[in-house]
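See structure below.
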């Protein structure tokens, strides 16, 4: 029969073994899970020199009048929205380093989708940003599209009943300007008594009846 001392030694040894086994098992559960939780780093790193070479042939101070400026071809609204005005009014007026600083802010906020055509082949790793339409131009045809015509305002119609001839006036111009009812012919008919030499002979100071 084992002595009480030997029995206690065995129990103590078993306790130590159980603790060790528990620690090893817990480490096995935690270790892989922790490692799996760390996402791989695959964010694209933009090569601004290559993007500029693609966008503007590397000309950092280019302004062709198409609404996009500088080496990275940043439009005015985007330049202002990302702090460009602290450097210059437009991207083409800023230094290369300043343009890249604004480009970095755009990339951090929206990825590289502002340069959809050039970013895919101008990054050192990872995938380029979304190619969805952005403030950046999407096609040459869009650039060439004419600006919408300004709305033309219709002048208020004159309600005056008479008109005093001014230097340089002619009867047709007066009829158009005053919206005389019936146009030039009706205006001449209403004033035949004053224009007895014909519709082409009017003189400054003459008072013509426009309507009624």
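In full-length UniProt numbering, the protein residues as written are 1 to 212.
All C-beta atoms in this analysis are idealised placements derived from N, C-alpha and C, irrespective of residue type, glycine included.
By DSSP, does residue i sit in helix, in strand, or in coil?
| i | result |
| --- | --- |
| residue 162 | strand |
| residue 187 | helix |
| residue 105 | helix |
| residue 63 | strand |
Between the options, which has its C-alpha nearest residue i's C-alpha?
| i | options | result |
| --- | --- | --- |
| residue 200 | 97, 96, 169 | 169 |
| residue 46 | 79, 163, 203, 107 | 107 |
| residue 162 | 54, 187, 172 | 187 |
| residue 60 | 94, 179, 164 | 94 |
| residue 181 | 204, 212, 86 | 212 |
Give me the Cα-Cα distance between residue i and residue j, rounded to the nearest whole angstrom.
| i | j | result |
| --- | --- | --- |
| residue 72 | residue 109 | 16 Å |
| residue 56 | residue 175 | 55 Å |
| residue 74 | residue 120 | 17 Å |
| residue 69 | residue 116 | 16 Å |
Which first and last residues belong to the beta strand (DSSP E) in which residue i is found?
| i | result |
| --- | --- |
| residue 86 | From DSSP, residue 86 is part of no beta strand (DSSP E); its letter is neither H nor E. |
| residue 208 | 207 to 209 |
Hey, quick one: how far does the alpha helix (DSSP H) through residue i stretch, first residue to last?
| i | result |
| --- | --- |
| residue 177 | 171 to 178 |
| residue 77 | 76 to 81 |
| residue 113 | Counting along the chain, residue 113 falls outside any alpha helix (DSSP H), and DSSP gives it neither H nor E. |
| residue 202 | That residue, residue 202, is in no alpha helix (DSSP H); it is neither H nor E in DSSP. |
| residue 56 | 48 to 56 |
Which word fits residue i, buried or exposed, when buried means at least 16 other C-beta atoms lie within 10 angstroms of its C-beta?
| i | result |
| --- | --- |
| residue 173 | exposed |
| residue 197 | exposed |
| residue 166 | exposed |
| residue 52 | buried |
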